[in-house]
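Protein chains in written order, with the working numbering: chain A, 1 to 114; chain B, 1 to 149.
Cβ coordinates follow ideal geometry from the N, Cα and C atoms, glycine included.
Report on the structure given below.
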Amino acid sequence: MWSWVLHRITGVAIFFFLLVHILDTALIRVSPEAYDAVIGTYKNPVMALGEVVLVAAIAYHAYNGLRIILVDFWPWATRHQRQLWWGVIGLWAVTMLGFAPRHLMLAFAPGGGH
Amino acid sequence: MTAIADPRAPRAAARRKGPNLEKWGWMYMRASGVLLIVLIFGHLFVNLMVGEGIHGIDFAFVVGKYASPFWQWWDVLMLWLALIHGANGMRTIVNDYVTHNGTRRVLVWALWLAAAFLIVLGTLVVFTFDPCLGFDAETASDLIIGICG
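Okay, here's the thing in structure tokens:
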């Protein structure tokens with residue numbers, strides 16, 4: 001049940017981010033200054049942590065989505081759906097161990113800002 | 001003595017005519033999901049993991065990316081697939097939790113309207129974007145002169 005609850009929560013969160021992200025990118029068509037001002041807010045430390053949370057949500061939704069596909073189409077996976085969920089968590093952890101340090105180092109890099 | 005409906009009783013008579021849209025929706029979520037993993041993981045890697053990461057993202061960065069039809073199509077494909085996937089997922093959630101039929105229909109309509117608006121907006125932005133449109137060295141900022149001058 002928790003795999004399903006998390007899939008929904010991450011899905012809703014990603015959906016709302018997507019709405020905002022299309023609007024902020026659309027600012028390239030307004031003016032360079034407008035785009036740079038708004039995209040600049042993504043570069044502050046609080047948002048850097050928010051981006052880690054966003055990527056964590058995306059990675060979980062992606063891997064659990066693959067698990068759902070396997071469970072739907074492959075009888076072996078249907079029988080082992082519980083073990084596969086731990087595989088999802090494992091892959092997610094590996095992804096975050098790769099992403100989070102690199103992203104945070106870049107985001108908090110001295111002189112890496114404007 | 002039937003105070004409540006049978007648990008498996010359908011809310012409305014099943015639609016018999018036309019294609020089974022729920023089945024196509026189910027297929028779409030899986031097919032688009034697999035493609036979106038490739039597109040979004042690639043998007044995140046190129047924008048956040050390479051070079052300066054997030055500090056490298058500014059107007060000039062987008063100019064560089066959208067100079068290439070490859071990234072234009074990458075982003076437009078991602079836009080269409082993700083918004084339809086997201087709106088359909090939200091529709092499923094609305095259908096599950098909103099019990100008042102009128103409210104439910106309004107919310108589902110709002111979802112598709114928002115998705116359609118953002119798909120049109122995003123597609124137009126990607127394909128009509130030209131940083132040098134109406135370039136005038138007299139009035140342009142240094143940034144634009146650097147790109148178009």
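At a cut-off of 8 Å between beta-carbon atoms, residue 36 of chain A makes contact with chain B. Collapsing the DSSP output to three states places residue 23 of chain B in a helix.
Using a Cβ-Cβ cut-off of 8 Å, residue 57 of chain A is close to nothing in chain B; its nearest Cβ partner there is about 11 Å away.
At a cut-off of 8 Å between beta-carbon atoms, residue 43 of chain B makes no contact with chain A.
Counting along the chain, residue 101 of chain A sits inside the alpha helix (DSSP H) bounded by residues 81 to 107.
Within the stretch 36 to 87 of chain A, complete alpha helix (DSSP H) segments of at least 4 residues are found at 45 to 73, 75 to 79, given in chain order.
The stretch 97 to 111 of chain B makes no contact with the stretch 33 to 50 of chain B; the number of CB pairs closer than 8 Å stays below 3. Residue 127 of chain B has a beta carbon lying at 8 Å or more from every beta carbon in chain A.
Using a CB distance cut-off of 8 Å, residue 100 of chain B does not count as an interface residue toward chain A. Boundaries of the alpha helix (DSSP H) harbouring residue 21 of chain A: 2 to 26, taken from the DSSP string. Restricting attention to B:32, B:23, B:56, the CA atom closest to the CA of residue 108 of chain A is found in B:56.
Under the 8 Å criterion on CB atoms, residue 77 of chain B is classed as non-interfacial with respect to chain A. Take residue 29 of chain B, set aside five residues on each side of it, and the residues of its chain with a beta-carbon closer than 8 Å to its own are 85, 88, 89, in chain order. Inter-residue distance for residue 57 of chain A and residue 3 of chain B is about 42 Å (C-alpha atoms, whole angstroms). If you keep only unbroken alpha helix (DSSP H) runs of at least 4 residues inside the stretch 107 to 132 of chain B, you get nothing at all. Residues of chain B with a Cβ closer than 8 Å to the Cβ of residue 103 of chain A are, in chain order, 48, 49, 53, 54. With its beta carbon less than 8 Å from one in chain A, residue 59 of chain B belongs to the interface.
One thing to note: residue 79 of chain B has its Cβ within 8 Å of the Cβ of residue 22 of chain A.
Taking 8 Å as the CB threshold, residue 110 of chain A stays off the interface with chain B.
The three-state secondary structure of residue 149 of chain B, taken from DSSP, is coil.
The three-state secondary structure of residue 53 of chain B, taken from DSSP, is helix. Per DSSP, reduced to three states, the secondary structure at residue 10 of chain B is coil, with no helix or strand assignment.
At a beta-carbon threshold of 9 Å, none of the residues of chain B lie near residue 75 of chain A; the nearest stands roughly 17 Å away. Where residue 75 of chain B is concerned, the enclosing alpha helix (DSSP H) starts and stops at 69 to 97. Remark: C-beta atoms of residue 60 of chain A and residue 6 of chain A approach each other more closely than 8 Å.
Per the C-alpha coordinates, the member of B:131, B:31, B:138, B:136 positioned closest to residue 59 of chain B is B:131. In terms of beta-carbon proximity, residue 100 of chain A stays away from the interface with chain B, with every pair separated by 8 Å or more.
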